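This report refers to the structure that appears directly beneath it.
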Amino acid sequence: MRTSRRAAIAVVAALAVLGPVGWFWYDSLVPGTYDMAAMGYADHGGGTPVEHDHSAGMSVADLRGPSGTPDVTVTVTARKEGAKYTLNGTTPGPEIRAEQGQLIQVTLVNESVPDGVTLHWHGVDVPNGEDGVAGITQDAVRRGQSFVYRFVARDAGTYWYHSHQVSHEQVKNGLFGALVITPRGPRTPDQVAMIHTYQGRRTINGTPGVTALTANRLRLINTDAGPIRVWVSGTTFRVTAIDGHDVGEPPPVADRAVLVTAGARVDLHLDGPGRVDAGGGVAVATTGAGAVPLPAETVDFLSYGKSAPLGFDPSRANRDFRYDIGRRFGFLDGRPGMWWTVNGHLFPDVPMFMVRTGDVVRMTLHNGSGEVHPMHLHGHHVVVLSRNGVAATGSPWWTDSLDVNDEETYEIAFVAGNPGIWADHCHNLEHVPEGLAVHLAYAGVRSSFQVGGPNGNTPE
Numbered sequence: 001m002r003t004s005r006r007a008a009i010a011v012v013a014a015l016a017v018l019g020p021v022g023w024f025w026y027d028s029l030v031p032g033t034y035d036m037a038a039m040g041y042a043d044h045g046g047g048t049p050v051e052h053d054h055s056a057g058m059s060v061a062d063l064r065g066p067s068g069t070p071d072v073t074v075t076v077t078a079r080k081e082g083a084k085y086t087l088n089g090t091t092p093g094p095e096i097r098a099e100q101g102q103l104i105q106v107t108l109v110n111e112s113v114p115d116g117v118t119l120h121w122h123g124v125d126v127p128n129g130e131d132g133v134a135g136i137t138q139d140a141v142r143r144g145q146s147f148v149y150r151f152v153a154r155d156a157g158t159y160w161y162h163s164h165q166v167s168h169e170q171v172k173n174g175l176f177g178a179l180v181i182t183p184r185g186p187r188t189p190d191q192v193a194m195i196h197t198y199q200g201r202r203t204i205n206g207t208p209g210v211t212a213l214t215a216n217r218l219r220l221i222n223t224d225a226g227p228i229r230v231w232v233s234g235t236t237f238r239v240t241a242i243d244g245h246d247v248g249e250p251p252p253v254a255d256r257a258v259l260v261t262a263g264a265r266v267d268l269h270l271d272g273p274g275r276v277d278a279g280g281g282v283a284v285a286t287t288g289a290g291a292v293p294l295p296a297e298t299v300d301f302l303s304y305g306k307s308a309p310l311g312f313d314p315s316r317a318n319r320d321f322r323y324d325i326g327r328r329f330g331f332l333d334g335r336p337g338m339w340w341t342v343n344g345h346l347f348p349d350v351p352m353f354m355v356r357t358g359d360v361v362r363m364t365l366h367n368g369s370g371e372v373h374p375m376h377l378h379g380h381h382v383v384v385l386s387r388n389g390v391a392a393t394g395s396p397w398w399t400d401s402l403d404v405n406d407e408e409t410y411e412i413a414f415v416a417g418n419p420g421i422w423a424d425h426c427h428n429l430e431h432v433p434e435g436l437a438v439h440l441a442y443a444g445v446r447s448s449f450q451v452g453g454p455n456g457n458t459p460e
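Under UniProt numbering, the residue at position 39 of the sequence shown is numbered 39, and the numbers go up by one with no gaps.
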C-alpha cells in the first residue's frame, strides 16, 4: 500500500515537472511550411495600430524593379564544387559595376546547388521583390532553374551580393561577390578588397597574403561573420564612405584602426603609398611597404567628419521600437538549448515591427546577450543618433550593418520609405538559425511565399 502510494506521488511529481516542460517543447515547434509574416506578434512602436493581416494587400512579388532595356546585364551561374560554392566558377563571384542611375539586370542560374540559391543585394535599397530572401520575397532557385533580378543603381557606393538561402552555409563557403555603383561622370580609380575567411584562412578577394595596392581609394568589404580591424601604415588616410554613404569632410587619420562590421563596407582614401593590413596575414600594399602592429585606438564613427542635416526630424517619430537582444535556455523548434531572444521572446514568438509608408521610425538596440551582434536591416539605411547615451556629433553615420557589443545601446532612426516585408537580423549568420531575426512589415503588404514547402525555402 505504501509502495503504491509512493509510486503515485512520484508520478504526480514527475507530471508536475514534465508537464510545463512538455508544453514549452510543444509550443516551440515550427510548422514544416509557414508564412513568416504571420509569425510572432505585432509591435506598433507606440504608434497608430497597423493591421497585421497579411492575407490581403499588395504582394511582395509585385514590388519589382522597372521594365525597359537594362544598361548592365550580367549572368551568374551558381555551382557547388565539393565543400565550396562558386559563381561563374570563382569565389568571390564576378564583380558587378554600374553607374548611378543605370538599370541593372542579373540572371541567376542554379546549375548544381542542391539546396537552392538566391541573391540578396546587401546594402542596396532595392524594391522588396528583388531582395532575394527565400520564403519571404521569392522562392529559392532550384537546380536547373533561373531567376532575373532588376533594379536601378540609385545610390553610388560599395555594396555586395550573397545568397540568402541557407545563407549561414552558402555565404561562408563562397556564394558572394562585390557590387560597386560609381557616380555619374568620369571615374576615379578604385580597388575592391573583399575580406573573407575560407576554412580558417583569411583572404582578400580569395587570395591569401599580400595583394598589390593599385589605387588610392580602397573599398573594403567584410564578408565574414565577425568584425575585422584594418589599419594603415606608411601614410595618413581618410574614411570617405561607410556602407555606401559618403562621410562629410573626413579628416586625415594616423595611428588608428578602422572597424569593419560583418557585412559592412568602409571606403578608405590613402594620402600616399602605404599598406592596409586586415589581420590573419593579409594586406593590400604598395611595393616595399612594411607592416606595423595593430593600433590600440579605433576611429569613432560617432564623432568623425563634419555634421550635416539629416533631412528629417527623429524627435518627431511616429513609431519608437525596442530591439533587446538576450539569451536564455529554452526550446527552439523542439530543440533544447541556449537561444537568442528578442525582447525576451524566443523565435518564432518574436516581434513584427509594423510601419506605414512615410513613418519616422526610431529604434533602440540593446545587447545583453554576452556576444557582439552585427545587426543588418534590409531595404533601408538607418542613421545612428547615439551610443550608450552619447549623441552623434560627426558626419551623419548612415549604416545598414551595425555592431552592437555586449551591454551596448544604440539609438537609430530612419524614414519608412520602401514598402515590403524586410528582414532585420544579425549578420553573424550562424546566429540567425538560433533565433536572432525579426522583420519590419509595412501596412498593406503580404508575402505569397512560404518558408519550407516544396522549394525548401530556408532564408537563413
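Don't be surprised by glycine CBs; every beta carbon is placed ideally from N, CA and C.
Remember, predicted model here, so these are calculated numbers, not experimental data.
If you follow the alpha helix (DSSP H) that Ser167 is part of, which residue opens it and which one closes it? The sequence position of residue 167 within the sequence shown is 167, counting from 1. Start and end: Ser167 to Gln170.
Could you round the C-beta distance between Leu119 and Tyr159 to whole angstroms and report it? I think they count as a contact, below 8 angstroms. Residue mapping note: residue 119 aligns to position 119 of the sequence shown, counting from 1. Residue mapping note: residue 159 aligns to position 159 of the sequence shown, counting from 1. At roughly 12 angstroms, the Cβ-Cβ gap does not stay under 8 angstroms, so Leu119 and Tyr159 are not in contact.
Should Ser167 go down as buried or exposed, given a rule of 16 or more other Cβ atoms within 10 Å for buried? Here residue 167 corresponds to residue number 167 of the sequence shown, with the count starting at 1. Buried, since its Cβ has 16 or more Cβ neighbours within 10 Å.
Whole-angstrom C-beta distance between Ala153 and Gln102, which should lie under 8 angstroms: In the sequence shown, residue 102 corresponds to position 102, counting from 1. In the sequence shown, residue 153 corresponds to position 153, counting from 1. Between Ala153 and Gln102 the Cβ distance is about 5 angstroms, and since that is below 8 angstroms, they are a contact.
Going by alpha carbons, who is nearest to Gly290 out of Tyr304, Leu436, Ser303 and Pro273? Position 290 of the sequence shown holds residue 290. Looking at the Cα atoms, Pro273 is the closest of the given residues.
For a quick check, are the C-beta atoms of Gly456 and Gly144 less than 9 angstroms apart? In the sequence shown, residue 456 corresponds to position 456, counting from 1. In the sequence shown, residue 144 corresponds to position 144, counting from 1. Not in contact: Gly456 and Gly144 (Cβ atoms no closer than 9 angstroms).
Let me confirm a value: His245 is counted as buried when at least 16 other C-beta atoms fall within 10 Å, else exposed. Which label applies? Residue 245 sits at position 245 when you count from the first residue of the sequence shown. By the 10 Å Cβ count, His245 comes out buried.
Determine whether the beta carbon atoms of Arg316 and Tyr442 lie at a separation below 9 angstroms. For this step, residue 316 is matched to residue 316 along the sequence shown. For this step, residue 442 is matched to residue 442 along the sequence shown. Not a contact, by the Cβ cut-off of 9 angstroms.
Option nearest Gly279 by Cα separation, candidates Ala56, Leu294, Asp255 and Ser59: Along the sequence shown, one-based indexing puts residue 279 at 279. Scanning Ala56, Leu294, Asp255 and Ser59 for the CA closest to the CA of Gly279 turns up Leu294.
On a CA-only basis, which of Leu29, Met39 and Gly22 is nearest Gln450? Give me that one, please. Stepping through the sequence shown from its first residue, residue 450 is reached at position 450. The option with the nearest alpha carbon to Gln450 is Met39.
Identify the continuous beta strand (DSSP E) that holds residue 480 and give its terminal residues. The question about residue 480 has no answer, for the chain in this structure spans 1 to 460.
Below 6 angstroms CB to CB, which residues in the same chain sit around His381 once its five sequence neighbours on both sides are set aside? Here the question's residue 381 lines up with position 381 in the sequence shown. Cβ neighbours of His381 beyond the five flanking positions: Trp398 and Asp400.
When the Cα atoms are used, what is the spatial distance from Ala308 to Thr393? Counting from one through the sequence shown, the residue named residue 308 turns up at place 308. Counting from one through the sequence shown, the residue named residue 393 turns up at place 393. So the two alpha carbons sit approximately 9 angstroms from each other.
Which residue from Asp424, Pro454, Gly444 and Arg446 puts its Cα closest to that of His164? One-based indexing of the sequence shown puts residue 164 at position 164. Ranking Asp424, Pro454, Gly444 and Arg446 by Cα distance to His164 puts Asp424 first.
Simplified DSSP state of Val12, which is helix, strand or coil: Your numbering for residue 12 matches position 12 in the sequence shown. At Val12 the pLDDT is 47, less than 50, meaning the model places this residue with poor confidence; the figure from the coordinates comes in the next sentence. Helix, per DSSP.
When the distance is taken between beta carbons, is Gly226 closer than 9 angstroms to Val372? For the purposes of this step, residue 372 is taken as residue 372 along the sequence shown, with counting starting at 1. For the purposes of this step, residue 226 is taken as residue 226 along the sequence shown, with counting starting at 1. In contact: Val372 and Gly226 (Cβ atoms closer than 9 angstroms).
Can you look up Glu407 in the DSSP assignment and give me helix, strand or coil? Position 407 of the sequence shown, counted from the first residue, corresponds to residue 407. The answer is coil: DSSP assigns Glu407 none of H, G, I, E or B.
Gly89 classed as buried or exposed, judged by whether at least 16 other C-beta atoms fall within 10 angstroms: Within the sequence shown, residue 89 is the residue found at index 89, counting from 1. So Gly89 ends up on the exposed side.
DSSP state of Asn110, grouped into three classes? On the sequence shown, residue 110 is found 110 positions in, with the first residue counted as 1. Here Asn110 sits in strand by DSSP.
For Asp271, which residues in the same chain have their Cβ closer than 8 angstroms to its Cβ, ignoring the five residues on either side in sequence? For the purposes of this step, residue 271 is taken as the residue at position 271 of the sequence shown. Sequence-distant Cβ neighbours of Asp271 in its own chain, meaning closer than 8 angstroms and more than five residues away, are Asn216, Thr235, Thr236, Phe237, Arg238 and Pro252.
When burial is assigned at 16 or more other CB atoms within 10 Å of the CB, is Leu29 buried or exposed? Position 29 of the sequence shown, counted from the start, is the residue given in the question as residue 29. With fewer than 16 other Cβ atoms within 10 Å, it is exposed.
Mapping the DSSP letters down to three states, classify Leu222 as helix, strand or coil. The residue labelled residue 222 in the question sits at position 222 within the sequence shown. In the sequence as presented, Leu is not what sits at residue 222; that position holds Asn. Strand, per DSSP.
Distance, Phe414 Cα to Glu130 Cα: Taking the first residue of the sequence shown as 1, we reach residue 130 at position 130. Taking the first residue of the sequence shown as 1, we reach residue 414 at position 414. Roughly 21 angstroms between the two C-alpha positions.
Could you give the distance in angstroms between the alpha-carbon of Pro114 and the alpha-carbon of Tyr410? As a working mapping, residue 114 is identified with position 114 in the sequence shown. As a working mapping, residue 410 is identified with position 410 in the sequence shown. For Pro114 and Tyr410, the distance between alpha carbons rounds to 40 angstroms.
Please report the distance separating the alpha-carbon of Ile221 from that of Asp403. Within the sequence shown, numbered from 1, the residue matching residue 221 stands at position 221. Within the sequence shown, numbered from 1, the residue matching residue 403 stands at position 403. Straight-line Cα distance between these residues: approximately 15 angstroms.
Spatial distance of Val350 from Val438 (CA atoms): Translated into positions along the sequence shown, residue 350 becomes position 350. Translated into positions along the sequence shown, residue 438 becomes position 438. Near 6 angstroms, if we compare the C-alpha coordinates of Val438 and Val350.
Could you tell me which of Pro189, Thr48, Met194 and Glu81 sits nearest to Val230, measuring between CA atoms? Within the sequence shown, residue 230 is the residue found at index 230, counting from 1. Measuring from the Cα of Val230, the nearest candidate turns out to be Met194.
Ends of the beta strand (DSSP E) at Leu119? Here residue 119 corresponds to residue number 119 of the sequence shown, with the count starting at 1. No beta strand (DSSP E) contains Leu119, which DSSP labels as neither H nor E.
When we look at the beta-carbon of Met363 and count the other beta-carbons within 10 Å, is it buried (16 or more) or exposed? The sequence position of residue 363 within the sequence shown is 363, counting from 1. By the 10 Å Cβ count, Met363 comes out buried.
Close Cβ partners of Trp121 (< 6 angstroms) along its chain, the five nearest in sequence each way excluded: Reading the sequence shown from its first residue, position 121 is the one you call residue 121. Hits under 6 angstroms: Tyr161.
What three-state label does DSSP hand Val30 in the structure shown? The residue given as residue 30 occupies position 30 in the sequence shown. Three-state result, Val30: coil.
Assuming Arg327 contacts Gly370 under a Cβ cut-off of 8 angstroms, what Cβ separation, rounded to an integer in Å, is found between them? What you label residue 327 is simply residue 327 of the sequence shown in a count that begins at 1. What you label residue 370 is simply residue 370 of the sequence shown in a count that begins at 1. Contact flag correct, Cβ pair sits at about 6 angstroms.
Helix or strand or just coil, what does DSSP make of Ala241? As a working note, residue 241 is residue 241 in the sequence shown. Here DSSP, grouped into helix, strand and coil, assigns Ala241 to strand.
In this structure, how does DSSP classify Met1 when only helix, strand and coil are distinguished? Walking along the sequence shown from the start, residue 1 turns up at place 1. Residue placement at Met1 is flagged as unreliable, the pLDDT there being 43, under the threshold of 50; a coordinate-derived value is accordingly withheld.
For Trp397, which three-state DSSP category applies? Looking up residue 397 in the sequence shown gives position 397. The DSSP-derived three-state label of Trp397 is coil.
Buried or exposed: which applies to Arg446, given that a residue is buried once 16 or more other Cβ atoms fall within 10 Å of its Cβ? Walking along the sequence shown from the start, residue 446 turns up at place 446. Buried, by the Cβ-count rule.
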